[in-house]
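Here is the structure we will look at, set down as structure tokens.
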Ligand SMILES: Cc1cc2nc3c(=O)[nH]c(=O)nc-3n(C[C@H](O)[C@H](O)[C@H](O)COP(=O)(O)O)c2cc1C
């Protein structure tokens, strides 16, 4: 699997998730087997480039290459400028978001709303590819299958992208109007793979090693992107890789291993965000890590109000010290 000049050790990627796939989490996913991670969406509006959020999102220190940054917007010139801005900040791959159904994005006629306007898509892709090409930075595109089930035009958009020089396409197997409802479908992804020469990355509802195998086999896709199933479960990448390579399942982590992953993640998270915002933004990750563990509901209600990083991790240490570190955690209940 490759994107332009970048080759990946395995076909298992972490999907961009705003507010989740920050640098600490991307680093952890990469350390645990995701061969590629895209930095959550960066605003194409230059007025937002000097915000604290943008400064944090464009700080890629210590992140293994290729650093990839996703941009979103509907103005071709602004998108090209955003691509250049991110290349200056270290991006080696630029991903364009046409898959996000969020109102904030779609109201500006960006994200998945763009799939209704192929001419505008062509102009955006043209401008972005034109500025990235001389920098040897490949441009990728992330789309849904279409606007709604009567307008599944992913193939039209993907062909357009390929003809303009886009290096790979990721498809989430739902339409914009599906939001996250129902099941992802993989027929559209399979059709894209059969009709394109550039790599196709399959996404949507891949939540286990067996599902990963099934989606790869059915679609023929070059790689997979895993989003929600990796929240609080970054070891899923190692599990999928192992299963794809051997057909055998790796055991789930032990309580001892989970404790180590969680604490390592939290230390990186606190130092990235600082004390005040770090403690607060860590809560969702903690809740995801603990959600399937017996007895964790009471622990979570004790942890949520804590406002100091030292106390937050101490409460976790105390809880884990009462668990057998050699026992494997139970299988996840998918939400
Ligand atoms: C909290 C959250 C934030 C997301 N943010 C983005 C985003 O910024 N850009 C994007 O292209 N997709 C975004 N997505 C969509 C995911 O990348 C992915 O396409 C979708 O969740 C389906 O994959 P999954 O079933 O493996 O979760 C987001 C999804 C979630 C759950």
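Residue numbers (the numbering used here): -5 to 329. Positions of the beta carbon are idealized from the N, C-alpha and C atoms, including for glycine. Every value quoted in this text rests on a predicted model; they were computed, and no experiment measured them.
- Comparing C-alpha distances from residue 144 to each of 324, 171, 193 shows the shortest one belongs to 171.
- Not one heavy atom of ligand 1 falls within 7 Å of the beta-carbon of residue 318.
- At the C-beta level, residue 33 and residue 66 stay beyond 8 Å of one another.
- Relative to residue 208, the option among 188, 234, 186 whose CA is nearest is 234.
- Distance from the CA atom of residue 141 to the CA atom of residue 189, rounded to whole angstroms, is 20 Å.
- In the structure shown, residue 25 falls within a helical segment according to DSSP collapsed to helix, strand and coil.
- The beta strand (DSSP E) runs of length 3 or more contained entirely in the segment 200 to 273 are, from start to end of the chain, 217 to 220.
- Taking 4 residues as the minimum length, the alpha helix (DSSP H) runs contained wholly in the segment 47 to 134 are 70 to 82, 97 to 100, 112 to 126, in order along the chain.
- Across the set 269, 274, 82, the C-alpha of 82 shows the shortest separation from the C-alpha of residue 129.
- Residue nearest to residue 216 within the set 204, 229, 165, 153 is 165 (criterion: CA-CA distance).
- Taking C-alpha positions only, residue 317 is separated from residue 292 by approximately 15 Å.
- Boundaries for residue 192: no beta strand (DSSP E) harbours it, and the DSSP string shows neither H nor E there.
- Beta-bridge pairing by DSSP links residue 0 to -3.
- Just so you know, the alpha carbons of residue 64 and residue 285 end up roughly 29 Å apart.
- Residues 180, 184 of the same chain have their beta carbon placed closer than 7 Å to that of residue 212, with the five preceding and five following residues left out of the count.
- A distance of 8 Å or more separates the beta carbons of residue 193 and residue 151.
- For residue 275, the closest of 127, 10, 18, 92 by C-alpha to C-alpha distance is 18.
- In the displayed model, residue 30 falls within a strand according to three-state DSSP.
- Here the alpha carbon of residue 47 sits roughly 19 Å from the alpha carbon of residue 259.
- Proximity to residue 223 across 297, -2, 14 peaks at 14, based on C-alpha coordinates.
- With a cut-off of 7 Å, the C-beta of residue 220 is classified as near ligand 1, since at least one heavy atom of the ligand falls inside that distance.
- Beta-bridge annotation (DSSP): residue 137 is paired with 92, 165.
- With contact defined as three or more Cβ pairs closer than 8 Å, the segment 69 to 78 and the segment 121 to 128 are in contact.
- For the set 256, 118, 154, 161, the Cα lying nearest the Cα of residue 283 is the one of 256.
- Each of 220, 146, 159, 116 was checked against the Cα of residue 23, and the nearest Cα belongs to 220.
- Annotated three-state conformation of residue 314 is helix, per DSSP.
- In this structure, the CA atom of residue 197 is about 17 Å from the CA atom of residue 27.
- Looking at the DSSP output, residue 196 shares a beta bridge with 165, 218.
- The three-state secondary structure of residue 322, taken from DSSP, is strand.
- Taking 8 Å as the cut-off, the beta carbon of residue 162 is found no closer than this to the beta carbon of residue 139.
- According to DSSP, residue 8 shares a beta bridge with 31, 220.
- Within 7 Å of the C-beta of residue 177 there is not a single heavy atom belonging to ligand 1.
- For ligand 1, a non-hydrogen atom lies closer than 7 Å to the CB of residue 64.
- Nearest to residue 78 by C-alpha distance, out of 43, 92, 5, is 43.
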